[in-house]
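Numbering (the numbering used here), first residue to last: 868 to 974. Here's the structure we're looking at; comments come further down.
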């Protein structure tokens, strides 16, 4: 995944919360984090959760250095332990002059 530039990150923050952008002062409780992650994938086909931003005024407060590793660990643990990925595939055979292809669309 490509790293966001500082400018792109600021633009996301300035745009406020949307169905694809969540702003959090700190990492939410594990259950809430799992709900946010699943909601973004199912409702918006992805998104960005930015931790270290006060959501009502889009003020960047940052994540303290001494909490960064723990915050990353919490987010990764939540994703691994609470989210079970289920893939629904819609295989379709496509034909072209060069031959047939199998298109696997993730739903």
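Note that CB positions come from ideal geometry on N, CA and C, so glycine has one too. As the structure is a computational prediction, the values presented were derived from the model and not from experiment.
Item                                                                                                                                                              : Value
Can you tell me the Cα-Cα spacing of residue 899 and residue 936, whole angstroms?                                                                                : 19 Å
To which residues does DSSP link residue 889 through a beta bridge?                                                                                               : 916
Using the Cβ count rule (16 or more neighbours within 10 Å means buried), how would you classify residue 879?                                                     : buried
Tell me, to the nearest whole angstrom, how far the beta carbon of residue 888 is from that of residue 914; I am working on the premise that it is less than 8 Å. : 6 Å
Alpha carbon to alpha carbon, how far is residue 881 from residue 924?                                                                                            : 9 Å
Skipping 5 residues on each side, what residues in its chain have a beta carbon closer than 7 Å to that of residue 927?                                           : 880, 919 and 920
May I have the straight-line CA-CA distance separating residue 875 from residue 869, to the nearest angstrom?                                                     : 12 Å
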